[in-house]
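Shown next, in structure tokens, is the structure this report addresses.
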Amino acid sequence: MVLKKKTNSILRNKKGFGGVASTLIMFIAIISVTTGLVIAFMNYTQSTKRSFDSQSELAGNKLRTSISVSNVYYNTTSKNLYVYVKNVGDTNLDTQLFDFFLDEAYAQNFNVYYADNLSKSMELFQPQETLVIVKNQNMNSGTHSVKVVTQYGVGDSELFNT
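The sequence shown begins at 24 in this note's numbering and counts up by one.
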């Protein structure tokens, strides 16, 4: 009978330890899940901020960008089309990212030069500068159109006769 009492008291002590262990495990699990959620929300907030900053910069550049096609000339002897464009905005533009359209069709294989030096290629188009787009193209006589679009989607167009 005395042996039975000691065994019962030992078994009762083990039940107390089990309650503490399960509470500790639940606490650690709750802390882990909470930490994971905080990290996920922090990453979401940072990526949203980067996206807003990028969109804001793009919109600002678009508002400060303006170009003007000032003159178009076609040389019937050399078959070269010369399109003079002035940067009338406040942003530097990358001429390698320009899109050029001739008669509403995307044109390739054109060159961009400084207006005062047709042998020097231009890559950075600064405010108040004028450039010349030179395109070798056989053109029929009549009315044609050119359109130049910058990397920010801002452009200008002009009609001309050959």
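Cβ atoms here follow ideal geometry from the backbone N, Cα and C, with glycine treated the same way.
- Three or more pairs of CB atoms, one per stretch, sit closer than 8 Å, so the stretch 117-135 contacts the stretch 143-161.
- A direct Cα-to-Cα measurement between I51 and A63 gives close to 18 Å.
- The shortest C-alpha to C-alpha distance from V171 to any of N84, N161, L182 is the one to L182.
- Per DSSP, L120 lies in no beta strand (DSSP E) and is assigned neither H nor E.
- Considering only S45, N132, V56, N161, the residue with the shortest C-alpha distance to S101 is N161.
- According to the DSSP secondary-structure assignment, K109 is paired through a beta bridge with S91, T153.
- Within the same chain, V172 come within 6 Å of D122 by CB-CB distance, once the 5 residues on both sides are set aside.
- In the three-state DSSP reduction, K102 falls in the coil class, being neither helix nor strand.
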